[in-house]
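Take a look at the structure set out below.
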Amino acid sequence: MTYLFKYRFIVLFSLIAALLYTHYYINRAHVEIKIYSPVQTYFKIYWASEGEQSYSEEKMARIRINPQQEEYSFFIGDLRKADTLRIDPSGTKGKVTVKEIRISQPGLPDIQISNEEEFAGLRAFGDVKSTTFSSSGWEVFSTGSHPRFQFHLPLEERNLNWAMEMVRFLLLLFSVLIVLRFFEPLWSDHSYTAYCGIFIIGLILTMAVISKQYYHPDEIVHVSAARYYADHWLPPDVESPDIRDTYSIYGFSRLNTLEPSYLLAGKLAAILSPFNLDSTLSYRLFNVLLFSILTFLAFKNTIYRLMFIPLLISPQIWYIFSYMNSDALGLFVAILTGWQVVSNDSSFNRFIEGRRIPMLRILGLGILFSLLLLAKKPFYFFILFLLFYFGWRYFFQPYGNLKGTLTRLSIIACIGISCVAVRVTADISVNGWDKGEKMRKMQEVTAHYTYKPSTELTKKHIHLQMRERGTSLKSFLIKHRWGEKTFRSAVGTYGYMTVAASSSYYNMMRIAGLASLLFVGLSILIRGGWSGNLLFGGAIVCSAVLITVACHRAWTVDFQAQGRYLFAIVAILGMVLVKTGHVYNKTLLRISVCSMFLLSVYSFIWIALMGIPKYI
């Protein structure tokens, strides 16, 4: 027993690895397809057990098909628990050519469908006009967007070579343990987080370089907005015809906001112009640079590494740093602000405690505060938590000279508000005091008919004003699954919510996330004392308020199940980890972080990078 306790990390890691290996490899089927479609579409496979009357979205795998690519691979569920497969070779009307379908699972005979006789075993039952077999492959002509075929799986007993699987697993486990042993010096002071960050930078940069332009959410209007500032300093006239390309189907331009990300990205692109980079890439590199800064700070500051941990636990966080958008800057500013506030030796705390720091740093603190004020509205809830934090610190870690502290806080606030005032003044000088009215007029001119304010409610897009249409909150949450869709888009749904993983991945992330949250919560409850528990409670309340407001807006205004709207919680969690870092068992903390990090790496590589259309 003493021996097992001594090597408890290796034992626990081996058990978890064995469960993951069994679940993700032995008990899942691997699908390889060769298919050609002249247009972008989707290939889906559903699986159902004997006695199930219909196919469920919970038992479905989907992959995007691009005209430039013919070979694809992905995983589906356990074939031992399935009786039939439903194969949807296309999601569009027209023709698609399937050349081969191969399905394999350890211990079960391979299923290969590649010739005319084998394709004849697929029974059509929806939106199929005709099928023919030629030298090119199996050609399916559909009359709608849901051509469907059913395939009955042969009844076979699994004959798994357990000895061979055990050898394969032990070789993989031994290799991983050797790597972990090599990095053991990095565990004690959380140095591993910095090296994980370097790996993430590689993934982010890869996505930025190889992914095609405008396949990321609203990137076309984000790039257009940043392009304006490549050769301008003042904001544009809302009604200027020169910025019509920046208006979305909602009739709204990002240039109408006060967000500074477009100005900064535009100026960086102008600096990079002599290198003749791809125009879209030059704007994407701004967000890549932001994550790089966050990562390299982890090499210099031990305390900051705890603040950095939440950035490692979701691939969706990495994704927003890989293309042009304004969410990345908001998260970047929140992380830096949180670190400055909670780190005892930061420039912020040195200044407000009366210690001398260079004037340039004081100015930098004010600018950082102004960037937070100009960030997207969801980050206002991070500001709410900051206010709570200062109240919490007043009681549990009071400043020596409260009057002097308040004076110095006022100096930072005045610098920040002054910067915001300059931005607002510049906007008023161009658009006057009636900018809101101009924006409403432009919305009527530029919005798609289904998004115009003047369009009758019954003719508007079905996701607008759902409460007014009679959708109850219960139906909104259960039938329309706002919570589940938001969770999935927070842990790995890419493109226009079209590149997604299987349900197994989201279930694993759910389990890992809840286990990690439970570990953090129990550690604080048991060892955090009144101060730790109150701080954690404040974080939970501010996060819950943000989620509630996001849900209410989606229900009453526009159905947006976007996990990125909740990323202010990432910075809040980082602050809690820093202030309660002493209460956690380091081994369990590493397991929690590494398990979510590895799942995230899987999602970003095998789902995002494989699923997003690429130049190469």
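Residue numbers (my numbering): 11 to 626.
Note that the Cβ used here is the ideal one computed from N, Cα and C, for glycine as well.
Self-check item: Inter-residue spacing [alpha-carbon to alpha-carbon] between GLU149 and PHE159
Solution: 13 Å
Quiz item: Run through DSSP, which three-state label would ILE484 get?
Solution: According to the sequence shown, residue 484 is Lys rather than Ile. DSSP places LYS484 in helix when its eight states are reduced to three.
Quiz prompt | Short Cβ contact (7 Å threshold) for ILE343 with MET585 | solution = The residue asked about is misnamed: residue 343 is Val in this sequence, not Ile. Contact flag unset, no.
Practice problem: Mind the definition here: the stretch 399 to 415 touches the stretch 209 to 221 only if three or more C-beta pairs lie below 8 Å; say whether that holds. | Solution: no
Quiz item: Under a three-way DSSP split, which group does THR216 fall into?
Solution: helix
Quiz item: Can you tell me whether SER336 is buried or exposed, with buried defined as 16 or more other CB within 10 angstroms of its CB?
Solution: buried
Quiz item: Of the residues HIS33, THR347, PRO388 and SER140, which one's Cα is nearest the Cα of ALA578?
Solution: PRO388
Quiz item: Going by the beta-carbon positions, is the gap between GLY442 and GLY364 smaller than 7 Å?
Solution: no
Quiz item: Which value, in whole angstroms, describes the spacing of the CA atoms of PRO325 and PHE395?
Solution: 24 Å
Practice problem: List the endpoints of the continuous alpha helix (DSSP H) containing SER605. | Solution: 596 to 612
Practice problem: Pull up the distance between the alpha-carbon of THR481 and that of LEU375, whole angstroms please. | Solution: 46 Å
Quiz prompt | Nonlocal neighbours in the same chain, by C-beta distance under 8 Å from PRO77, ignoring five residues either side | solution = TYR46, SER47, PRO48, VAL49 and GLN50
Practice problem: Leaving aside the five residues before and after SER140 along the sequence, list all residues of the same chain whose C-beta is less than 6 Å from its C-beta, in chain order. | Solution: PHE151
Quiz item: Going along the chain, which unbroken runs of the alpha helix (DSSP H) with 4 or more residues stay wholly within the stretch 342 to 413?
Solution: 357 to 362, 369 to 384 and 390 to 406
Quiz prompt | Whole-angstrom distance between LEU321 and ALA580, CA atom to CA atom | solution = A small correction: the amino acid at residue 580 is Val; Ala does not occupy that position in the sequence shown. Distance between the alpha carbons of VAL580 and LEU321 is about 7 Å.
Exercise. Quick one: give me the first and last residue of the beta strand (DSSP E) that ALA511 is part of.
Key: Run containing ALA511: none; DSSP gives neither H nor E here.
Exercise. Specify, as a first and last residue, the run of the beta strand (DSSP E) that GLU545 falls within.
Key: A small fix is needed here, since residue 545 is Leu in this sequence, not Glu. That residue, LEU545, is in no beta strand (DSSP E); its alpha helix (DSSP H) goes 539 to 566.
Practice problem: Between the Cα of ILE73 and those of VAL41, VAL186, LEU370 and PHE331, spot the shortest distance and give me the residue it belongs to. | Solution: VAL41
Quiz item: If you pair each beta-carbon of the stretch 174 to 189 with each one of the stretch 27 to 44, do three or more pairs fall below 8 Å?
Solution: yes
Quiz prompt | DSSP three-state assignment for TYR46, whether helix, strand or coil | solution = strand
Quiz item: Quick one: what's got a C-beta closer than 7 Å to LYS553's C-beta in the same chain, skipping five residues either side?
Solution: It is worth fixing the name first, because residue 553 is Ser in this sequence and not Lys. Once the five neighbours on either side are set aside, the close Cβ partners of SER553 are ILE579 and ILE582.
Self-check item: Cβ contact (3+ pairs, closer than 8 Å) linking the stretch 378 to 392 and the stretch 415 to 426
Solution: yes
Practice problem: Please report how far the alpha carbon of GLU229 lies from the alpha carbon of TYR333, in whole angstroms. | Solution: 7 Å
Exercise. Have a look at PHE129 and TRP616 and give me their C-alpha separation to the nearest angstrom.
Key: 28 Å
Quiz item: Looking at LYS596 and LEU545, is the spacing between their C-beta atoms short of 7 Å?
Solution: no
Practice problem: Identify every residue that forms a DSSP beta bridge with THR107. | Solution: TYR46 and GLU149
Quiz prompt | Beta-carbon gap between GLY505 and PHE398 smaller than 7 Å | solution = no
Practice problem: Measure the alpha-carbon distance for PHE262 versus VAL21 and round it to whole angstroms. | Solution: 55 Å
Practice problem: Identify, in the order they occur along the chain, each residue of the same chain with its Cβ nearer than 7 Å to the Cβ of LYS44, setting aside the five sequence neighbours on each side. | Solution: GLU80, GLU81, LYS109 and GLU110
Self-check item: Run of the alpha helix (DSSP H) containing PHE318, from where it starts to where it stops
Solution: 312 to 318
Quiz prompt | Exposure label - ASP437; buried when at least 16 CB within 10 Å | solution = buried
Quiz item: Whole-angstrom Cβ separation of HIS323 and ARG574, contact assumed at under 8 Å?
Solution: This sequence places Ile at residue 323; His is not what is there. Actually they are not in contact, since the Cβ atoms of ILE323 and ARG574 sit about 14 Å apart, beyond 8 Å.
Exercise. Decide if GLU269 is buried, meaning its Cβ has at least 16 other Cβ atoms within 10 Å, or exposed.
Key: buried
Quiz item: What residues are listed by DSSP as bridge partners for GLU175?
Solution: Answer by DSSP bridge pairing: none, since GLU175 is not bridged.
Exercise. Name the residue from PRO251, TYR239, ASP255 and SER258 whose alpha carbon lies nearest to the alpha carbon of TYR293.
Key: TYR239
Quiz item: For LEU95 versus LEU118, is the C-beta spacing smaller than 7 Å?
Solution: no
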